[in-house]
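For reference, the structure is listed below as structure tokens.
Protein chains: 4
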Amino acid sequence: MLPAIDGSPAELARRYRSVRAATLALTAPLSEADAQAQSMTDASPAKWHLAHTTWFFETLVLERFEPGFRPHQGAYRMLFNSYYNAIGQPAQRSQRGLITRPGLAEVLAYRRAVDERVQALLGGDPGATALSLLTLGLHHEQQHQELILTDLLHLLSCHPLLPAYRPAPAPAVGGAVPLSWIANEGGLVEIGHGGAGFVFDNEQPRHRQWLAPYALANRLVTQGEWADFVADGGYREPRWWLAAGWDWLRTHRIEHPLYWQRDGAGLWQVFSLRGLQPLQRERPVVQVSLYEADAFAAWSAAQSGLPLRLPTEAEWEHAAAPLAPAGLAEGNLLDDDRLEPQPAADRPGLQQLFGDVWEWTRSAYAPYPGFRPWDGAVGEYNGKFMANQVVLRGGSCATPRSHLRASYRNFFPTDARWQFSGLRLACDAA
Amino acid sequence: MLPAIDGSPAELARRYRSVRAATLALTAPLSEADAQAQSMTDASPAKWHLAHTTWFFETLVLERFEPGFRPHQGAYRMLFNSYYNAIGQPAQRSQRGLITRPGLAEVLAYRRAVDERVQALLGGDPGATALSLLTLGLHHEQQHQELILTDLLHLLSCHPLLPAYRPAPAPAVGGAVPLSWIANEGGLVEIGHGGAGFVFDNEQPRHRQWLAPYALANRLVTQGEWADFVADGGYREPRWWLAAGWDWLRTHRIEHPLYWQRDGAGLWQVFSLRGLQPLQRERPVVQVSLYEADAFAAWSAAQSGLPLRLPTEAEWEHAAAPLAPAGLAEGNLLDDDRLEPQPAADRPGLQQLFGDVWEWTRSAYAPYPGFRPWDGAVGEYNGKFMANQVVLRGGSCATPRSHLRASYRNFFPTDARWQFSGLRLACDAA
Amino acid sequence: MLPAIDGSPAELARRYRSVRAATLALTAPLSEADAQAQSMTDASPAKWHLAHTTWFFETLVLERFEPGFRPHQGAYRMLFNSYYNAIGQPAQRSQRGLITRPGLAEVLAYRRAVDERVQALLGGDPGATALSLLTLGLHHEQQHQELILTDLLHLLSCHPLLPAYRPAPAPAVGGAVPLSWIANEGGLVEIGHGGAGFVFDNEQPRHRQWLAPYALANRLVTQGEWADFVADGGYREPRWWLAAGWDWLRTHRIEHPLYWQRDGAGLWQVFSLRGLQPLQRERPVVQVSLYEADAFAAWSAAQSGLPLRLPTEAEWEHAAAPLAPAGLAEGNLLDDDRLEPQPAADRPGLQQLFGDVWEWTRSAYAPYPGFRPWDGAVGEYNGKFMANQVVLRGGSCATPRSHLRASYRNFFPTDARWQFSGLRLACDAA
Amino acid sequence: MLPAIDGSPAELARRYRSVRAATLALTAPLSEADAQAQSMTDASPAKWHLAHTTWFFETLVLERFEPGFRPHQGAYRMLFNSYYNAIGQPAQRSQRGLITRPGLAEVLAYRRAVDERVQALLGGDPGATALSLLTLGLHHEQQHQELILTDLLHLLSCHPLLPAYRPAPAPAVGGAVPLSWIANEGGLVEIGHGGAGFVFDNEQPRHRQWLAPYALANRLVTQGEWADFVADGGYREPRWWLAAGWDWLRTHRIEHPLYWQRDGAGLWQVFSLRGLQPLQRERPVVQVSLYEADAFAAWSAAQSGLPLRLPTEAEWEHAAAPLAPAGLAEGNLLDDDRLEPQPAADRPGLQQLFGDVWEWTRSAYAPYPGFRPWDGAVGEYNGKFMANQVVLRGGSCATPRSHLRASYRNFFPTDARWQFSGLRLACDAA
């Protein structure tokens, strides 16, 4: 099995230009130094992202389907391999920031050269497999667009001066939206992708699942609610925490979300791609781990007396799918260029399902019944990560609109905090 | 909600005597030194197990329900608390082997004193809550019976001379049983415990789940099959492994199951509670991690061309429940005193479902829909461990028969290897 | 070269009985559990000390010189080897606490058996090499007598209840002795051992060294002075600390000597072999690292305006040698059975040079000019540790009197704190 | 006390221009990416070196002595502080590679601006303290010139393609020079700096020391000799190694000098600033740790039957001082631009004392008798590192000629390997 092809060769050619240009636009404000540095093993330098996404097209498409293929630079095959063991031993992940050569200009030239060759390939008749892998390459590049921003934000947060990626906009407007519950009766439902069009292998096959009645919060958990949790001693009280979360919290001396800090007067400030700003209570909380999200849910349950918890991914998808009928998600996404989650709108129904922040679910990342990885090297894309990771749903303010859908499964380890990860509460229904 | 009561006060009194005596029988062959040493943070000294199980009755039952309660020794409340934050700060888990005082004789006196007081309490009318917690205490002690053996085996494996817990028996008889597949059509099934009688909170509530058709292997994976996997380079080929498993394998230089070693001629030997013995191909493989089990399944799929995998816990329970109609599991269990997994019998149908080895499933340990932890301190028993652990089913040769049932959910991290953990393959049905 | 022989065979036989009995007396109060536990890699279980000192006689003396030698138990050769690579691969140091077999009774039987065989050997004419190694074995055992106490104290300090090795005595009497300075004009002096009688290879050869004029404090630094250092923020001010010491302090969150803690009222209490007691200002401070000792000297220099520092080992020995004319040191030593350092006497001259606490010097542990390790396996005794260790001088309240002399060089890493290590200040003379 | 002033203001101004220009020349071949990356905590990015050396002049000279001083950029005071606690909390050493802003161009502009201001200051009459600190700043910058090269070489060695800093020159000519011994009778000698002119505080005061007769090898140990050591199993035989060295070797799986690797045919290749080249037997071995140097000496002693060892720093200085009579060292130094150690010349007498490689001594880095750190913040320059480091002498092919002298004490930890560190053997004389 291979990825579905997402359009005619001409459409793919247009889409290719657009996606590749969007990546360049994201990295345009960066100096070569900004693009070089790697702030932790989990995060990659922007230059590496630029090169690796290009490597994907060169190695998985051109190498197999371009007549008379010759590598742009033979060494790039190893230098910019992320984790595909089928392609050879990748360079060490923790040392991506040490690949100073090629320089940024050479990487950009690499991009241009591969772009030309891909366009030439699309101008001919490369065949279904090539189009399939090329479609995958575009979605792959869109994933890396989000990672470019999350990794860059982490890098900037390590700089003692906390420089902003973009100047701060006017503060988000809008008052607080009261929390309410949207009930769903569940039953024997179907989730997963079943139709045509590109999806990742891990979204398939569509399959039945029984859901007990449940309710979802109308909106995301806010920074204000989270500040109340902190003020109530939430990070010092073991009873809210999973045992592994409590160990993690004590080992790393975690006391607040990743990019929060107090100013001289003790007031919270939040660092984002827009720089350091005072906490705004109505904005969704972001950059929290699954451990924190789960603890917040446990605390909220005790405060409210309700059986609150995180939703399962099936509950989330079952509720969200009708809101993206043509597969197109509406929300505060990368295309809106806000780069920060925004307060909810005061409207009836489920708000903020798509965009703003990825929503932690209570579902471990696991194969769907009947799951088959794609054939060939791209079989390593998703399946091999199905252990000790948890599913997040709904995209974020750093996710491209055309990359998102209701069946999309993002996944990260339980202690990951540098993504645009937040949460929505769920509740067992009577 | 509290644990169900498992019998009349008189029946509980009898059962109490029997369970407590069984624990003492297990530790009888140990010297004070054997009972003191702690070989790793995950494993506890036998003396600690003896004291902690007693602490459970004293702290959770006597302290609340015995008129005029006075502690046997005040300090034991902290020294022998495992992880109940609601009861106070426990002593450090990694330093249980440093609690040299009280000595073994004092701990045994502690056991006797608490036994007398519990029996006196049961002779009166302690009320439903006390009986409930006392029932839990008995099942808790049975869990620790298994842990006494797994922890002791690990300790003995760290001794350069590999001493045996018990002299080796005559080798198991019986030839190889061919692998075959028992199909199950699935559908909308129910799993979890729904009736009366004691179960853990994590086995509840009984709930519906949709199962696609599937098949289970008729027997466990054997040491011989595993030796073939090793010989085929299974531990050196990344494509069989989950990414986290491959990292784990390389970091810890894992090349075979935990207690395997080669003799001078390169032949496999296996260390068990019966000492070091030549590998017997027909015995079930044991002391493998989830990572290893999953890799073996991937390798087996490639060898056979079938969509092989580990079963889900729902598949396992749905298949197993009919085989333990009155709740009573048959199999090679602790009561049989073999202390090693045994070859399968050559009979039709599913063999070895109960006993021999815990079977790794492909299901993350998660709350069932509508799960509620028990009230009070015992609410910390199960729920707080529901992250980064995987469910195992079916009990082992170290599980007491009266402690096991089809709905029983054991759970360990993906890299845990010192338990009696093995596997049975599953297959997607057409 | 081999160790000097310390007496006639008959004298050695008497001395052997006495030294071996002293070891047993030290461990007599311990249970098998106490004797089994290992609290950190650097510390060994008392049972291991009992066995290893016996192994030394069996392996280095009996195995070579006893006619028809047969090992007491063949496996002990590896189990109780500490670090002699020439004798084979030793068991892992960090896992000495896991050697539960042989048990304590068997180890005591091993001692008795080897004792008989050594006495039999001494009854004959074993030759000079045997007598030489036997002499070394006695001094080796005396070193382990001190280690039995330091390692046991560390173990007891890890027990949440802080049990005492011996009941607390009446508090030490005596008022504060004012600090004064004993000047020494230095010049071209000789240090190191030059005469007959047993010394370690590292005390040789006697050699010349030029000393500038210097002065030594008349007494050790006291707990009261150290409490002033702490109260003045000494552990929070980087300027007093060696860079490596400051890193160490921050990494391990060090705020006071190893066995100090505050009571509920904030008053210092000190844990020792005599249990937990209120700090007594006049007692010497003990269980501090070289980093702490050096920082205290820097702080003292700033307080006093004097060029204070730690002494070099040559300064110390040059000043101390005349005070032990016949080689016999007077002071609060193990034979006095106080087991804690005592306040200084109010007498003129250098006090507390021998006994009480080992005194950190500012001298790295290095070979003396012309140093030659002993021949054979015992060449590994001292020389191979001459890197990243610092010399301490003068013995402690846990050092046997017959084991000490002015030329004795003890050595530990700069961060070691569990020994009876304290300090005396020195001063450059005008 | 303050550093000595190394010339008139006009001479210092000339020297300032020359030293600063030399730094720029070293970094000229680097891209911004090359200058940004940090390959390990011990190594710093070239950009950081460029900025930090400038920071030294700005903070320690301009800030105190420039009338109306205003900082170039206030934040640089913290960003480019290395370890001076007296100046404030420095940025984290391990994260120097994350300081992507200011960029390289801004750092170069910072250099130019400070250069102008320093020259203006020197044009006036800044006073003795300013001239003293300025002199220190120049020597400080020369130290960093060597570090720029050693840190860059380490960075390049982490790149999978092993790029060269400079194209490889023609191989060094010259045959093997036989090893011979130059005897020295020792006696009561003086070492340390006693005259006028700049030296570091740690080279003072000049003081007496007694030396037993000794001999030094006429030349450095070569790569060929080292290859013999490796071929003889030198890295697998514990008896050659210090105990701490053996632990280090096994923990890090050390099997050869840092930048050695085998080609496909098993032949040694050596990576240097000139790229990867076949091992040349006559070149001095370089990039070895003290542990390796000491083990080689022990192995050499066993091979030769002579009491070989590393020299002490006093022996080295006593022998070397006469060879640099006017304080000026001759040898293969940075000014020669060879950037690699060269084979010895076949001449009588001690060769290669200065330049080529720093020579490990057997002397722990310790204060000379009467040592006083400089006053003020620069008191942190040397003294606080006097623990667990060993002295190296003689400079290397990366040391500027005007920076070196016979009394110069370099120092590194016993496991440091990325410096131009090699060795010369010494021998006890009869």
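From first to last, the protein sequence lines stand for chains A, B, C and D. Heads up: the first sequence begins at 173 in our numbering, then just goes up one per residue. Heads up: the second sequence begins at 173 in our numbering, then just goes up one per residue. Heads up: the third sequence begins at 173 in our numbering, then just goes up one per residue. Heads up: the fourth sequence begins at 173 in our numbering, then just goes up one per residue. Don't be surprised by glycine CBs; every beta carbon is placed ideally from N, CA and C.
Look up residue i in the DSSP assignment and say whether it is helix, strand or coil.
| i | result |
| --- | --- |
| Gln376/D | coil |
| Ser162/D | Chain D is shown only over 173 to 602; residue 162/D falls outside these bounds and no answer can be derived. |
| Val371/B | coil |
| Leu414/A | coil |
| Val550/B | helix |
| Gly586/B | In the sequence under discussion, the amino acid at residue 586/B is Thr, which differs from the Gly named in the question. DSSP places Thr586/B in coil when its eight states are reduced to three. |
| Phe443/A | strand |
| Asp600/A | strand |
State the Cα-Cα distance for the pair residue i and residue j, rounded to the nearest angstrom.
| i | j | result |
| --- | --- | --- |
| Asp435/A | Leu448/A | 10 Å |
| Pro385/C | Pro515/C | 28 Å |
| Asp600/A | Ala355/A | 9 Å |
| Glu454/C | Leu595/C | 14 Å |
| Asp509/C | Cys569/C | 8 Å |
| Thr473/A | Val393/A | This sequence places Ala at residue 473/A; Thr is not what is there. Going from the Cα of Ala473/A to the Cα of Val393/A covers about 13 Å. |
| Gly269/C | Gly477/B | 49 Å |
| Glu235/A | Ala437/A | 59 Å |
| Gly566/A | Gly503/A | 9 Å |
| Pro585/B | Gln315/B | 17 Å |
| Leu439/A | Leu328/A | 21 Å |
| Gln591/C | Thr225/A | 58 Å |
Leaving out the 5 sequence neighbours to the left and right, which residues in its chain are closer than 6 Å to residue i when beta-carbon positions are compared?
| i | result |
| --- | --- |
| Thr571/C | Glu318, Leu505, Leu506 |
| Gly555/A | Pro545 |
| Phe228/B | Gly309, His312 |
Please return the same chain residues whose Cβ sits closer than 7 Å to the Cβ of residue i, not counting the five positions on each side in sequence.
| i | result |
| --- | --- |
| Asp466/D | Leu414, Gly417, Leu482 |
| Ala340/D | Arg446, Gly447, Gln449 |
| Phe241/C | Leu234, Glu235 |
4 or more residues per run - each alpha helix (DSSP H) lying fully within the segment 453–532 of chain B: 462–476, 485–492
Residues within the segment 251–272 of chain B neighbouring chain C, beta-carbon criterion of under 8 Å: Leu251, Ala263, Gln267, Gly269, Leu270, Ile271, Thr272
Short-range partners of chain D found in the segment 523–543 of chain C, where Cβ spacing is below 8 Å: Arg534, Ser535, Ala536, Ala538, Pro539, Pro541, Gly542
Chain C contacts made by the segment 199–227 of chain B, where a contact means CB separation under 7 Å: Ser203, Glu204, Ala205, Asp206, Gln208, Ala209, Ser211
Minimum length 3: unbroken beta strand (DSSP E) runs contained in the segment 262–310 of chain D: none
Within 8 Å of chain B by C-beta, residues of the segment 350–370 of chain C in sequence order: none
Cβ-based contacts, 9 Å cut-off: residues of the segment 410–444 of chain D near chain C: Pro410, Arg411, Trp413, Leu414, Ala415, Ala416, Gly417, Trp418
Residues in the segment 548–571 of chain D having any Cβ partner in chain C nearer than 9 Å: Gly551, Glu552, Gly555, Lys556, Phe557, Met558, Ala559, Asn560, Gln561, Val562
Residues from the segment 379–395 of chain B in contact with chain A, defined by Cβ distance under 9 Å: His379, Arg380, Gln381, Trp382, Leu383, Ala384, Tyr386
Under 7 Å (Cβ pairs) to chain B, residues found in the segment 321–332 of chain C: Leu327, Cys330, His331, Pro332
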